Structures are given as C-alpha cells and as structure tokens.
Amino acid sequence: MASYLTISHSHQQHNSASTLLKPIRSATIAHQKYVTASLILAFINDPIMRWMYPDPYQYLAHFPRFVDVFGGKAFTQKTAYCIDGYSGAALWFPPGVEPDVEPLIKLLEQSIFESDLADMFAVLEQMEHYHIKESHWYLSLIGVDPTQQGKGYGSALIQQVTTQCDRHRIPAYVEASKLANVLFYERHGFQAIGTIQAGKSPPIFPMVRQPQ
Numbered sequence: 030m031a032s033y034l035t036i037s038h039s040h041q042q043h044n045s046a047s048t049l050l051k052p053i054r055s056a057t058i059a060h061q062k063y064v065t066a067s068l069i070l071a072f073i074n075d076p077i078m079r080w081m082y083p084d085p086y087q088y089l090a091h092f093p094r095f096v097d098v099f100g101g102k103a104f105t106q107k108t109a110y111c112i113d114g115y116s117g118a119a120l121w122f123p124p125g126v127e128p129d130v131e132p133l134i135k136l137l138e139q140s141i142f143e144s145d146l147a148d149m150f151a152v153l154e155q156m157e158h159y160h161i162k163e164s165h166w167y168l169s170l171i172g173v174d175p176t177q178q179g180k181g182y183g184s185a186l187i188q189q190v191t192t193q194c195d196r197h198r199i200p201a202y203v204e205a206s207k208l209a210n211v212l213f214y215e216r217h218g219f220q221a222i223g224t225i226q227a228g229k230s231p232p233i234f235p236m237v238r239q240p241q
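Structure follows, in structure tokens:
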C-alpha cells in the first residue's frame, strides 16, 4: 500500500532569502494552527486537494486534519518552517521520517467521496512506486498565501533545506501537482521522474533533486 500523497506547491520567484520582506523561522507545535491556516489559503486552488475535496465545506472541514496527518511530523521533528507572520510555510521531513500510513488511509476513507476512493488508492500505490528509497529529505507540504505570492517566499522555504542537502550530499524528493510547479522546482534543481494519474485524478509529477 502506498505511503505518500501529493500536494500542490506555490509558484514563486527565485529570490534570495536575504532579500525577503519577512524572515523565515522554525515552526513548532505551538504554531501549527497558524501554519495550517496559511496552508488552507495556499491550497484552495490546488488540483489534487480540490479533486479530493471539491465541496467548499468539505475542504475547510477536512484539510486541517490532512495537514496534521500528512505533514504534522515536521513540527515534532523541528523541520517545519514558516515565513514570519505566516505568509507561507513548508513542512519538511528529514531522512528516515515518513507520514503514518494508517491514519492517512483512515482519514481519506472518512473524508473523501466514496466514488473517488478507488482512484485515490490507485494514486497512492503509484506514488509508493515512484517515491525514492534512498535516504532523502521529503517536502510533504509547501504553500504561500495567494496575497503574498511572487515575493520569493516559496523559493526561500525550499532553499532552507536544499542548502543542507547540498552540504550533506543528500537528495530531496517532492511531488508537484501541476506543470507550472514542475517548472518552479526545476529551477531549484529538481527533475521529474514520471507522471502519476488514475481515473479522474489530476496528474502528479514526482520529482527528485540530487545534491549539487
């Protein structure tokens, strides 16, 4: 059974972290509700999330729990980062850390339409196939408030960890949910390794970044 699920990522300009209007800082469990609020805004037009949760109430009711189940370990691992003021956030998983499968499956069974479950689980199975097995950093969730996009925050949130990847010679892995995001990640050294799609699901593009 698959262990991973894709998330969309905001298309940001490639600005240096030193030129940001607001600094990046670590986000702890105490900040989780504020980070989640930021991600709710960031993912409101995400193809995958809105395929899973097409109804507005359904999305608002279940997406916060999804953030906790799928990306919550970043807070306990101290590898969650946010823009000061919660304009955006990235939930990174360090090597050896993965989302818990059983709570994720349970949440999906309880929260998405039954007619979409077969396609959803087929997507998850394909993701398990593509997800790299070697030690790596995994970008589980990243997003920027739509009113704050285009300021380089997305790039800075990625560089927060990719600089470590280069220093320690460790790859990074991410899943992009639209072609615009593929181009964004390519500018940061990621390369697409395939396409994932099942039934009515939007396409997903698994991507790997080798240390540079």
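Adding 29 to a residue's 1-based position in the sequence shown gives its number in the working numbering. Cβ atoms here follow ideal geometry from the backbone N, Cα and C, with glycine treated the same way. Quantities reported herein were computed from a predicted structural model and do not represent experimental measurements.
- Exclusion of the five residues before and after proline 132 leaves Val98 as the residues of its chain whose Cβ lies within less than 6 Å of its Cβ.
- Per the coordinates, the alpha-carbon of leucine 146 lies some 7 Å from the alpha-carbon of glutamate 138.
- A straight-line Cα-Cα distance of about 14 Å links isoleucine 69 and glycine 101.
- Counted as a single uninterrupted DSSP element, the beta strand (DSSP E) harbouring arginine 54 occupies residues 53-55.
- Excluding residues up to 5 positions away in sequence, Arg238 and Gln241 lie with their Cβ nearer than 6 Å to the Cβ of glycine 218 in the same chain.
- Of all C-beta pairs linking the stretch 201-212 to the stretch 104-114, fewer than three are shorter than 8 Å, placing the two stretches out of contact.
- The shortest C-alpha to C-alpha distance from valine 203 to any of Asp195, Asp174, Leu120 and Asp84 is the one to Leu120.
- When rounded, the separation of the alpha-carbon atoms in leucine 170 and lysine 229 is 22 Å.
- Here leucine 186 is buried, its C-beta having at least 16 other C-beta atoms within 10 Å.
- In the three-state scheme derived from DSSP, where H, G and I count as helix and E and B as strand, glutamate 204 is classed as strand.
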